[in-house]
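Residues 703 to 944 (the numbering used here) are what the sequence shown spells out, left to right.
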Amino acid sequence: MSQSLFKRATVRWVILVNLWPLLGVLLLGWSVGIQLMLYLAESAVMGLYLMAKVQTHENGNIMGTILFGALYLILVGGATAFIIPFFYAPPSGLRLSDMDHLIWGLEMFADDLGWLWLAGSLMLMFYSHGRSFITHHLEGPGRTEDHDWMVVRSFGRVIAILVVIFGGLILSHGMNSEVGMLVVIAGLKLGSDLLTHWMEHRRQWEIMQPQCMWQGMTVPDSPPPPPPPPPPPPPATPGSRG
Numbered sequence: 703m704s705q706s707l708f709k710r711a712t713v714r715w716v717i718l719v720n721l722w723p724l725l726g727v728l729l730l731g732w733s734v735g736i737q738l739m740l741y742l743a744e745s746a747v748m749g750l751y752l753m754a755k756v757q758t759h760e761n762g763n764i765m766g767t768i769l770f771g772a773l774y775l776i777l778v779g780g781a782t783a784f785i786i787p788f789f790y791a792p793p794s795g796l797r798l799s800d801m802d803h804l805i806w807g808l809e810m811f812a813d814d815l816g817w818l819w820l821a822g823s824l825m826l827m828f829y830s831h832g833r834s835f836i837t838h839h840l841e842g843p844g845r846t847e848d849h850d851w852m853v854v855r856s857f858g859r860v861i862a863i864l865v866v867i868f869g870g871l872i873l874s875h876g877m878n879s880e881v882g883m884l885v886v887i888a889g890l891k892l893g894s895d896l897l898t899h900w901m902e903h904r905r906q907w908e909i910m911q912p913q914c915m916w917q918g919m920t921v922p923d924s925p926p927p928p929p930p931p932p933p934p935p936p937p938a939t940p941g942s943r944g
């Protein structure tokens with residue numbers, strides 16, 4: 703492609719959204735559990751924009767949007783209810799007192815700087831996913847692509863993120879260092895986001911390429927168009943005929 707993956711504005715926002723909670727861990731002393739909560743909150747933000755995609759699709763309707771939102775709530779809510787106790791469970795098993803760590807972590811937001819950092823994290827999530835929603839859906843081919851495929855792909859992206867978070871917890875659950883857990887979870891999450899973003903962008907280019915080439919336009923961030931055909935030969939003049 704004419705621009706590398708890391709030169710696209712939407713990708714830079716994806717990276718910033720993933721690194722912002724890490725700054726909270728490093729600068730404000732947040733626990734890794736707070737970072738996990740922000741990642742799960744990002745899943746909820748994605749759900750709002752996915753519902754907007756379903757509603758603004760050319761075949762969208764309000765009942766389909768409500769059904770999609772209900773299924774999404776069940777999926778993300780069930781995954782969250784399973785992931786959080788697993789994260790705070792010791793190797794010997796979960797105890798109710800272990801949830802005190804979560805309550806203590808949330809109390810770290812009580813100071814003004816903590817609330818400000820939390821608000822910044824949520825604003826970055828809404829802005830990043832909103833920018834992608836406008837670029838790839840409202841102003842791109844997303845509103846006219848196959849409706850069922852869009853729903854399946856949207857659910858697949860969220861499921862992939864939840865699987866990555868849970869997989870990172872499994873890999874890091876036995877670590878005694880929170881830094882190690884931080885690196886594993888953040889690395890897998892960022893890698894998953896970049897991969898799904900690249901796949902979505904490639905899908906957009908594949909849809910737009912035939913139409914844009916037919917109209918003589920270039921596709922943003924796409925390979926250069928083929929060279930134009932040679933001009934036709936000049937018409938023969940009457941004096942040139944034998």
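Idealized CB from N, CA, C, for every residue including glycine.
Nothing here was measured: the structure is a model prediction, and the numbers come from that model.
### Message
Once the 5 residues before and after P933 are set aside, which same chain residues still bring their CB inside 6 Å of it?
### Response
none
### Message
Does L840 pass the burial test, meaning 16 or more other C-beta atoms within 10 Å, or should it be called exposed?
### Response
With fewer than 16 other Cβ atoms within 10 Å, it is exposed.
### Message
On the criterion of 16 or more Cβ atoms from any shown chain inside 10 Å, does I867 qualify as buried, or is it exposed?
### Response
buried
### Task
Count the other CB atoms, across all protein chains shown, that sit within 10 Å of the CB of F784; report buried if there are 16 or more and exposed otherwise.
exposed
### Task
Thinking L826 and W722 are a contact (beta carbons under 8 Å), I'd like their distance in whole angstroms, please.
Approximately 6 Å separates the beta-carbon atoms of L826 and W722; this is inside 8 Å, confirming the contact.
### Query
Does the Cβ of D850 have 16 or more other Cβ atoms within 10 Å, making it buried, or fewer, making it exposed?
exposed
### Message
For the structure I just gave you, are there three or more beta carbon pairs, one from the segment 883–896 and one from the segment 769–783, closer than 8 Å?
### Response
No, the segment 883–896 is not in contact with the segment 769–783.
### Message
In this structure, how does DSSP classify P723 when only helix, strand and coil are distinguished?
### Response
helix
### Query
Three or more C-beta pairs closer than 8 Å, one from the segment 859–866 and one from the segment 745–762: is that the case here?
yes
### Task
May I ask you to report which of helix, strand or coil DSSP gives E841?
coil
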